[in-house]
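Notes to accompany the following structure.
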Amino acid sequence: MAGQLFIVGNGFDLHHKIPSSYHEFGSYLRRIDPSTWKTVSEYLNFDANFWAYFEERLASFDEDAVIGYAEQFMGSYGADDWSDASHHDFEYEIEQIVDALSRKLHDHFDAWIKQLPPPVPGSYMPVRCINRRASYLTFNYTPTLETIYDVPRNNILHIHGNCAVSDDQLLLGHGWERLNEEKLSSKIDEDTDTRLAGGYQLIDRYFADTFKPTHSILERNVAFFSSITDVNEVIVLGHSLSDVDAPYLCEVIRCIRPSANWTVSCHRSPELEIKRMRKLGVAPAQSRFFPLSQF
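Numbering follows full-length UniProt numbering, with no gaps: position 13 of the sequence shown is 13.
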């Protein structure tokens, strides 16, 4: 492919007036499913900055709070009011929380992405540097590049899925892959109450279900990364270069020419982007920074 690679993030869609921020998803979730929104606010380290770091916060699941809540449903086997019917209540309560924060949350996210309105002509300033012959690595789920700029789909890798493709799975999740000794199930032994053991396994399942398998994603897309070895110019549009996507960015750096120059969009002043580029190992002399409106 051409010697130019574009890396596209959510700031690109926001520039085109698509209401695609995680804050918007939070408002949607609260309106569509208040119960799941409440569960999010209770068990995922919820604060004023939560939606700005939504995917990372999926790893902040408060397992102690979940177990503490569910313990009220784990009565003593010798209690006067004990019954076989209530034997699974402890696990049931944990399962409801886990299901809300994994399956339900992802289903709502999928539905929200697919109902986002397309850009309205005249409401945004077109990005003039778009090159239809270049390669594109986009972290967005939307087909903005294809529909607005006629970039051929074969030139674009939607690394986390494309909502315009019916059988594409939209990938959402945190980047913390727990070691075996970090899993609650590692505490289970022959003396562990079977109900508690079941609860531990459900919580371990939550972390597995909400983990974004970056290594596997890279392996599935090795053909794309093999195709960018001649890239000598990288243009970053609306991507924050955050740690959650660092494995993909490092793979880009590994594959392209070492002398490649980078042009990076910044929201306001470029201090944060400069810091993150240095952290990625890109020499200051090879990078420059401009607001997206100047591209």
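Every residue gets a Cβ at the ideal spot worked out from N, C-alpha and C, and that includes glycine.
These numbers come from a predicted model, not from an experiment.
In three-state DSSP terms, what is residue i?
| i | result |
| --- | --- |
| V165 | coil |
| E177 | coil |
| H239 | coil |
| Y136 | strand |
| Q115 | coil |
| L255 | Position check: residue 255 holds Cys in this sequence, whereas Leu was assumed. Correct three-state label for C255: helix. |
| L171 | coil |
| P121 | coil |
| V222 | helix |
| I7 | strand |
| R288 | strand |
| L14 | helix |
| L250 | The displayed chain sequence assigns Cys, not Leu, to residue 250. The answer is helix: DSSP assigns C250 an H, G or I state. |
| I228 | coil |
| N155 | helix |
| S20 | coil |
Using only the alpha-carbon positions, how far apart do residue i and residue j sit?
| i | j | result |
| --- | --- | --- |
| L179 | S185 | 11 Å |
| P291 | F73 | 54 Å |
| F54 | P34 | 17 Å |
| C255 | F90 | 50 Å |
| G281 | N261 | 13 Å |
| T229 | V252 | 9 Å |
| N154 | L171 | 20 Å |
| M1 | I18 | Unreliable positioning characterises M1 in this predicted model, as indicated by a pLDDT of 46, which lies under 50. A coordinate reading is not provided. |
| P270 | Q201 | 44 Å |
| S123 | S293 | 13 Å |
| R133 | N221 | 19 Å |
| D13 | S226 | 27 Å |
| E219 | V231 | 20 Å |
| D47 | E190 | 39 Å |
| D64 | Q169 | 31 Å |
| H88 | K212 | 30 Å |
| K275 | Y248 | 18 Å |
| L58 | C129 | 35 Å |
| R288 | N162 | 30 Å |
| K279 | P258 | 16 Å |
| N131 | T263 | 14 Å |
| D243 | G198 | 33 Å |
| L272 | P284 | 13 Å |
| H158 | I217 | 11 Å |
| P126 | F295 | 9 Å |
Are the beta-carbon atoms belonging to residue i and residue j less than 8 Å from one another?
| i | j | result |
| --- | --- | --- |
| Y141 | I97 | no |
| T144 | I156 | no |
| H174 | E56 | yes |
| V8 | L237 | yes |
| P119 | I148 | yes |
| K104 | T192 | no |
| W112 | F224 | no |
| F204 | K183 | Note on residue identity: the sequence assigns Asp, not Phe, to residue 204. Yes, these two residues count as a Cβ contact at 8 Å. |
| L5 | V234 | yes |
| residue 315 | S102 | The structure shown does not extend to residue 315, since the chain spans only 1 to 295, so no value can be given for it. |
| L29 | H108 | yes |
| G3 | S265 | no |
| A100 | T39 | yes |
CB of residue i to nearest heavy atom of the ligand HEM: below 7 Å?
| i | result |
| --- | --- |
| L170 | The model depicted lacks the ligand HEM and carries no ligand whatsoever. |
Should residue i go down as buried or exposed, given a rule of 16 or more other Cβ atoms within 10 Å for buried?
| i | result |
| --- | --- |
| H16 | buried |
| M277 | buried |
| Q286 | exposed |
| C250 | exposed |
| V151 | buried |
| I94 | buried |
| S135 | buried |
| D167 | exposed |
| R268 | exposed |
| S20 | buried |
| H160 | buried |
If we cut at 8 Å on Cβ distances, does residue i have a partner in chain C?
| i | result |
| --- | --- |
| V66 | Looking at the structure shown, chain C is missing, and only one protein chain is on hand. |
Pop quiz: residue i and residue j are said to be a contact at Cβ under 8 Å. What is the actual Cβ separation, rounded to whole angstroms?
| i | j | result |
| --- | --- | --- |
| W51 | Y22 | 4 Å |
| S60 | N45 | 4 Å |
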